[in-house]
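In my numbering, the protein residues as written are 2 to 129.
Here's the structure, in structure tokens; my notes come after.
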Amino acid sequence: MKTVNGVCKYCGQMRILQVSEDKAYTNEDLDRIAASECDCDVATLLRKRNMAFGNLEGMLDERFPDDATDDKEKVIKELLRTGGKLMGETTIDSLSFASGSKKYSLSLSQKLTFKLKIANTETEVQEA
Ligand SMILES: [Zn+2]
2 MKTVNGVCKY
12 CGQMRILQVS
22 EDKAYTNEDL
32 DRIAASECDC
42 DVATLLRKRN
52 MAFGNLEGML
62 DERFPDDATD
72 DKEKVIKELL
82 RTGGKLMGET
92 TIDSLSFASG
102 SKKYSLSLSQ
112 KLTFKLKIAN
122 TETEVQEA
């Protein structure tokens, strides 16, 4: 191990890092490691958002398993995954769209948990 310096790109704080001697690190790598270990507000929030996104991916894989998901649902899954990633990186906290008779709503709470709501909007009407 060797001791090097990295700068958190969010707060500018310099951190002392222990890294492997066998691997070559660019300054960019070191700054990324510094940010991943930094406890400033922005770095902490981004770590939490990344974790929330990991949970969302798990949830989507459970709801739309590869072996039981048709092409249309695969597009919906990808849309939710991409949307969730963008929500994690921005201040967008909900999105919704419709496909056929289903309405999909994905939201990210203040506590950084994702919620997916799928509503069936099909209405049955009978007359006699
Ligand atoms: Zn920082």
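Note that beta-carbon positions come from the ideal geometry of N, C-alpha and C, so glycine has one too.
Just so you know, these numbers come straight off a predicted model, no measurement behind them.
Do you know offhand how far residue i's Cα is from residue j's?
| i | j | result |
| --- | --- | --- |
| Leu107 | Asp71 | 20 Å |
| Arg16 | Leu47 | 18 Å |
| Phe65 | Glu79 | 10 Å |
| Ser110 | Lys118 | 13 Å |
| Met52 | Glu125 | 41 Å |
Taking residue i as the reference, give the member of the options with the closest Cα.
| i | options | result |
| --- | --- | --- |
| Ile77 | Leu18, Thr92, Leu96 | Leu96 |
| Lys10 | Phe98, Cys41, Ala25, Ala99 | Cys41 |
| Asp32 | Asp23, Leu18, Lys24 | Leu18 |
| Glu90 | Lys75, Lys49, Lys118 | Lys49 |
| Ala44 | Ala25, Gly13, Lys104 | Gly13 |
Taking all protein chains shown into account, decide if residue i is buried (16 or more other Cβ within 10 angstroms of its Cβ) or exposed.
| i | result |
| --- | --- |
| Met88 | buried |
| Gly7 | buried |
Practice problem: Answer yes if the region 51 to 60 comes into contact with the region 33 to 41, meaning at least three C-beta pairs across the two stretches below 8 Å, and no otherwise. | Solution: By the criterion of at least three beta-carbon pairs nearer than 8 Å, the region 33 to 41 is not in contact with the region 51 to 60.
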